[in-house]
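**Q** One structure, as structure tokens, below. Some questions next.
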């Protein structure tokens with residue numbers, strides 16, 4: 024398919040994008056350790072933006088920390104039932120996460136950490152295999168907080184109810200934020 028589409032079976036389409044003018048990508052390529060700091064910030068420490076007027080808090084269009092959008096992850100160090108399959112799932116998750124952290128892009132406009140969907144299934148599996156139990160109230164509270172944060176983001180950003188003008192609203196939000 025790529026051969027017919029781009030004239031090269033190994034071309035994925037990146038060669039036709041405008042990134043060639045981005046000095047960082049020209050210098051470091053699409054994957055590099057040079058992007059670790061920016062991507063670690065987007066994934067783990069990016070906070071909501073405080074505003075001086077209503078609604079007083081908005082999401083950061085570069086994403087929110089996984090610790091805010093998926094707070095159940097704070098339970099990871101407290102799990103004690105690590106089996107070899109749990110470790111394998113954790114290692115898989117970590118390798119995928121590391122790859123995402125070395126990518127040139129944080130994901131553009133997004134509510135949470137865009138590339139979390141790539142590794143979170145393996146991380147949640149690892150946590151379940153290592154003994155995470157949803158029946159315990161701290162785990163339930165963390166999950167409910169994450170759901171509430173996601174609902175707030177969906178409503179606040181205008182992404183719910185989902186309509187045809189979603190792309191327009193995202194672009195308007197981004198333009199307003201960076202004026």
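Residue numbers (our numbering): 24 to 202. No residue lacks a Cβ here, since even glycine has one placed at the ideal position from N, Cα and C.
If you measure between the beta carbons of residue 117 and residue 154, is that distance less than 8 Å?
**A** Taking the chain shown and counting its residues from 1, one reaches residue 117 at position 94. Taking the chain shown and counting its residues from 1, one reaches residue 154 at position 131. Taking 8 Å as the Cβ cut-off, residue 117 and residue 154 do not qualify as a contacting pair.
**Q** Using only the alpha-carbon positions, how far apart do residue 94 and residue 126 sit?
**A** As a first step, residue 94 is located in the chain shown; it is residue number 71 there, counting from the start. As a first step, residue 126 is located in the chain shown; it is residue number 103 there, counting from the start. Using only the alpha carbons, I get a separation of about 24 Å.
**Q** Might you give, ordered along the chain, the residues of its own chain that have their beta carbon closer than 6 Å to the beta carbon of residue 31, omitting 5 neighbours on each side?
**A** Translated into positions along the chain shown, residue 31 becomes position 8. Taken in chain order, the list of residues that qualify is empty.
**Q** Name the DSSP beta bridge partners of residue 167, please?
**A** What you label residue 167 is simply residue 144 of the chain shown in a count that begins at 1. According to DSSP, residue 167 bridges with nothing at all.
**Q** Between the C-alpha atoms of residue 198 and residue 102, what's the straight-line distance to the nearest angstrom?
**A** Taking the chain shown and counting its residues from 1, one reaches residue 198 at position 175. Taking the chain shown and counting its residues from 1, one reaches residue 102 at position 79. At residue 198 the pLDDT is 47, less than 50, meaning the model places this residue with poor confidence; the figure from the coordinates comes in the next sentence. Taking the straight line from one Cα to the other gives about 43 Å.
**Q** Ignore the nearest five residues each way along the sequence and tell me which others in residue 99's own chain have a CB closer than 7 Å to its CB.
**A** Translated into the one-based positions of the chain shown, residue 99 becomes position 76. Contacts found: 150.
**Q** Pick out whichever of 152, 71, 134 and 120 has its Cα sitting closest to the Cα of residue 107.
**A** On the chain shown, residue 107 is found 84 positions in, with the first residue counted as 1. When only C-alpha atoms are compared, the closest one is 152.
**Q** Thinking residue 53 and residue 37 are a contact (beta carbons under 8 Å), I'd like their distance in whole angstroms, please.
**A** For this step, residue 53 is matched to residue 30 along the chain shown. For this step, residue 37 is matched to residue 14 along the chain shown. The pair is a contact, with the Cβ atoms about 7 Å apart (cut-off 8 Å).
**Q** Pop quiz: residue 129 and residue 85 are said to be a contact at Cβ under 8 Å. What is the actual Cβ separation, rounded to whole angstroms?
**A** In the chain shown, counting from the first residue as 1, residue 129 sits at position 106. In the chain shown, counting from the first residue as 1, residue 85 sits at position 62. The Cβ separation is near 6 Å, so the contact holds.
**Q** Could you check where the alpha helix (DSSP H) with residue 32 kicks off and where it finishes?
**A** The residue labelled residue 32 in the question sits at position 9 within the chain shown. Premise fails: residue 32 is in no alpha helix (DSSP H) and is neither H nor E.
**Q** Between the Cα of residue 165 and those of 96, 65, 177 and 179, spot the shortest distance and give me the residue it belongs to.
**A** The count along the chain shown starts at 1 and reaches residue 165 at position 142. It is 96.
**Q** Where do the N-terminal and C-terminal ends of the alpha helix (DSSP H) with residue 141 fall, by residue?
**A** Your numbering for residue 141 matches position 118 in the chain shown. From DSSP, the alpha helix (DSSP H) with residue 141 extends over 139 to 152.
**Q** Roughly how many whole angstroms lie between the Cα atoms of residue 87 and residue 157?
**A** Within the chain shown, the letter at position 64 stands for residue 87. Within the chain shown, the letter at position 134 stands for residue 157. So the alpha carbons of these two residues sit roughly 24 Å apart.
**Q** Closest by CA to residue 140, which one among 160, 119 and 159?
**A** Position 117 of the chain shown, counted from the start, is the residue given in the question as residue 140. Among 160, 119 and 159, the Cα nearest to that of residue 140 belongs to 119.
**Q** Using a Cβ-Cβ cutoff of less than 6 Å, which residues in the same chain neighbour residue 68 once the five nearest sequence positions on both sides are dropped?
**A** For the purposes of this step, residue 68 is taken as the residue at position 45 of the chain shown. Excluding sequence neighbours, residue 68 sits near 88.
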